[in-house]
Amino acid sequence: MEMRQKAMGVAAALLAGRMYTCREIYDRLVRRGYDKELAEQVVEEFVRAGFLNDARYAQCYIADAAALGAKGKTRIRQELRQKGVAAKVIDDAMEEAEADFAGALADYVRQRDLCAAVHSRKDLEKLKARLLRRGYFMKEINRCLEEYSFNFDE
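Shown next, in the form of structure tokens:
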């Protein structure tokens, strides 16, 4: 019983600092030497108590990643999957998300003055590749870059 209390204390201390997914708490407990069965029980208990909720985590993560991290849907999905969030939970959270991905992309391009470095078609393709890596769709990127007029002397 003492190990269970210690494991619960570790999980509570982690959650006091920031939000975690169920798998992140499980992994951290296992890395700290607690057996897998105990880690699973602690996670289940925290889920029942409402302290761990992957759906709520995904909603918050999507909002922050879009607004603060200027990340697109593709990259956010990938990062949430790496954190152990189920695909169905991610899909539901994406549907409910009120994040303005197009606005976040436009802000990212404008604030970093990314179009100032575009002097050739090659530069434009590099910029598009950079934005693709951030998780935006080519359709979103092209729509965002339409407002800029690029004159290439090639």
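Residue numbering for the sequence shown follows the UniProt record's numbering, starting at 1 and increasing by one per position.
Heads up, the beta-carbon is just placed ideally off N, CA and C, and yes, glycines get one too.
K128 and A93 have their C-alpha atoms spaced approximately 27 Å apart. For R32, the CB contacts under 7 Å within the same chain, skipping 5 residues up- and downstream, are V10 in chain order. Look at the UniProt domain "RecX first three-helical" (7-45) and you find these whole runs of alpha helix (DSSP H), each 4 residues long or longer: 22-31. Annotation: the continuous alpha helix (DSSP H) that includes K128 extends over 121-133. In the same chain as L38, and ignoring 5 residues on each side of it, the C-beta atoms closer than 8 Å to its own belong to M3, R4, A7, L29, in chain order. Sequence-distant Cβ neighbours of F101 in its own chain, meaning closer than 8 Å and more than five residues away, are A66, G72, K73, Y136, E140.
Three or more Cβ pairs closer than 8 Å define a contact, and the segment 75-89 meets that threshold against the segment 52-60. Just so you know, the alpha carbons of L14 and C22 end up roughly 12 Å apart.
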